[in-house]
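Student:
Chains as they are written, first to last, in my numbering: chain A, 3 to 115; chain B, 66 to 175.
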């Protein structure tokens with residue numbers, strides 16, 4: 003059972019370039035989300051989805067786009083990367099409902115030059 | 066404003082020296098409080114969920130407790146393999162948003 007899988011693990015971009023971070027889960031979780039982790043800031047929610055076709059903004063959504071066409075996949079798109087987006091990104095999923103723990107991927111480390 | 070604060074930021078213990086980590090929170094409509102362990106270069110790994118004041122959960126050398134304003138993660142007779150960053154998170158409101166603390170970095174010295 004793979005759980006939550008993120009690709010790539012490492013990526014270096016130049017300012018203005020675009021890219022997509024991929025996230026897939028095989029636990030049939032309705033809820034999926036993206037966080038960024040920065041030193042001294044803790045994990046901050048970027049976007050989340052409660053099911054296919056449904057997405058919403060979290061605490062720090064600017065500069066990021068998401069879509070959810072299937073239950074399994076939840077990609078995060080950076081349309082024009084900025085140095086402020088240098089961070090470690092985590093995808094997390096959980097079962098549907100009002101409570102329940104998050105299951106995290108291994109993370110994607112992004113550097114924007 | 067929903068907020069989660071963890072203390073201390075860092076903790077160094079001798080092997081076998083018990084201690085506690087603190088997580089204080091201010092949220093509207095707590096759905097659950099979660100403890101995670103994070104090793105360097107890895108994603109957070111789920112440890113415990115607590116739902117109501119007075120609840121306690123145990124796993125090996127770890128015990129989590131919850132009051133109306135804070136949670137404690139007690140570590141009894143820690144071993145070097147317990148070294149990690151421990152994160153606290155609260156789930157509030159509709160349940161769609163989690164708020165994380167900045168973590169406590171624990172180092173256990175042999």
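We treat Cβ as the ideally placed atom computed from N, Cα and C, and that holds for glycine.
May I ask you to report which of helix, strand or coil DSSP gives residue 87/A?
Tutor: Secondary structure of residue 87/A (DSSP, three-state): helix.
Student: What is the rounded straight-line gap between the Cα of residue 131/B and the Cα of residue 95/B?
Tutor: 12 Å
Student: Please state whether the Cβ-Cβ distance between residue 27/A and residue 74/A is less than 8 Å.
Tutor: yes
Student: Run down chain A in chain order and give the residues with a C-beta less than 7 Å from the C-beta of residue 156/B.
Tutor: 101
Student: Taking 8 Å as the threshold, find out whether the segment 66 to 81 of chain B comes into contact with the segment 11 to 22 of chain A through three or more Cβ pairs.
Tutor: With a cut-off of 8 Å, the segment 11 to 22 of chain A and the segment 66 to 81 of chain B do not count as touching, because too few Cβ pairs lie within range.
Student: Any C-beta of chain A within less than 9 Å: which residues of the segment 76 to 96 of chain B qualify?
Tutor: Within the segment 76 to 96 of chain B, contact with chain A at the beta-carbon level (separation under 9 Å) is assigned to 96.
Student: Beta-carbon separation of residue 65/A and residue 80/A under 8 Å?
Tutor: Yes, they are a contact pair.
Student: Is residue 93/B buried or exposed, if buried means 16 or more other CB atoms sit within 10 Å of its CB?
Tutor: exposed
Student: Using a 10 Å radius around the Cβ and a threshold of 16 neighbouring Cβ atoms, would you call residue 109/B buried or exposed?
Tutor: buried
Student: To the nearest angstrom, report how far apart residue 142/B and residue 61/A are at their CA atoms.
Tutor: Each residue's Cα considered, the two are about 38 Å apart.
Student: Do we get a CB-CB distance below 8 Å when we pair residue 162/B with the residues of chain C?
Tutor: Considering every chain present, this structure includes no chain C. Its protein chains are A and B.
Student: Classify residue 83/B as buried or exposed, calling it buried when 16 or more other Cβ atoms lie within 10 Å of its own Cβ.
Tutor: exposed
Student: Hey, quick one: how far does the beta strand (DSSP E) through residue 27/A stretch, first residue to last?
Tutor: Judged by DSSP secondary structure, residue 27/A falls within the beta strand (DSSP E) whose first and last residues are 21 to 27.
Student: Taking its Cβ as the centre, do 16 or more other Cβ atoms sit within 10 Å of residue 103/A, making it buried, or is it exposed?
Tutor: buried
Student: Nearest by alpha-carbon distance to residue 89/B: which of 119/B, 120/B, 145/B and 154/B is it?
Tutor: 154/B
Student: Helix, strand or coil for residue 121/B, going by three-state DSSP, please let me know.
Tutor: For residue 121/B, the secondary structure class from DSSP, reduced to helix, strand or coil, is strand.
Student: Is residue 150/B close to chain A? Criterion is C-beta to C-beta, closer than 8 Å.
Tutor: no
Student: Output yes or no for whether 8 Å exceeds the beta carbon distance between residue 124/B and residue 139/B.
Tutor: no
Student: So, is residue 130/A buried or exposed, given that buried needs 16 or more other C-beta atoms within 10 angstroms?
Tutor: Here chain A covers residues 3 to 115 and nothing more, so residue 130/A does not appear.
Student: Is there a Cβ of chain B sitting closer than 8 Å to that of residue 32/A, yes or no?
Tutor: no
Student: Taking Cβ-Cβ distances shorter than 8 Å, what residues in chain A pair up with residue 99/B?
Tutor: 103 and 104
Student: Can you give the Cα-Cα distance for residue 144/B and residue 170/B, rounded to whole angstroms?
Tutor: 14 Å
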